[in-house]
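Only one structure is covered here, and it is reproduced in the block below.
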Amino acid sequence: MTTVTKASELFDLTGEVALVTGASSGLGARFAEVLAGHGAKVVLAARRVDRIEALASRLPHAKAIAFDVARIEDAPAAFDAAEAGFSPVTLLVNNAGVASGGRFIDGSYEDWRRVQATNVDAVWNLS
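For the sequence shown, this note's numbering begins at 117 and goes up steadily by one.
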């Protein structure tokens with residue numbers, strides 16, 4: 117006899133609190149939708165607050181918080197906001213990312229630091 121297992125049975129996230137960085141578009145928004153669809157409370161974190169507020173309004177048990185992961189000094193306040201009304205964060209999706217938008221050789225050191233602060237430093241700092 118063949119047993120069919122539904123994905124929802126394999127990935128029950130009820131009771132989990134997920135913080136998703138870079139949740140304003142693309143993969144971050146999709147990760148948030150999937151996590152919410154499997155029962156997690158989802159905290160949408162990004163710089164573009166209008167987008168994450170719109171997404172939060174469409175998801176069950178979701179809230180939006182303004183957070184620029186490149187500003188590591190803001191991380192404690194972001195986690196406090198994430199956990200307010202929810203339990204502590206149990207899942208972290210380090211998804212935020214940026215690009216300099218031009219040729220590497222034409223970029224400035226400040227451009228390079230912004231990319232590194234978001235794409236590399238934030239992953240380590242938040243984990």
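Heads up, the beta-carbon is just placed ideally off N, CA and C, and yes, glycines get one too.
Would you check if there are 3 or more beta carbon pairs closer than 8 Å linking the segment 130-142 to the segment 202-212? yes
Gly142 at chain B interface by Cβ criterion, 8 Å: Here chain B cannot be found, since the structure has a single protein chain.
By the 10 Å Cβ neighbour count, where 16 or more other Cβ atoms means buried, how is Ala215 classified, buried or exposed? For this step, residue 215 is matched to residue 99 along the sequence shown. Exposed is the call here.
Please say whether Ala152 and Val159 have beta carbons closer to each other than 8 Å? As a working mapping, residue 159 is identified with position 43 in the sequence shown. As a working mapping, residue 152 is identified with position 36 in the sequence shown. Result no, Cβ atoms of Val159 and Ala152 do not sit closer than 8 Å.
Check whether Ala194 and Phe183 have beta carbons under 8 Å apart: Against the sequence shown, residue 194 aligns to sequence position 78. Against the sequence shown, residue 183 aligns to sequence position 67. Contact: yes.
So, for Pro176: in the same chain, excluding its five sequence neighbours on each side, which residues have a beta-carbon less than 7 Å away from its beta-carbon? For the purposes of this step, residue 176 is taken as the residue at position 60 of the sequence shown. Cβ neighbours of Pro176 beyond the five flanking positions: Ala152.
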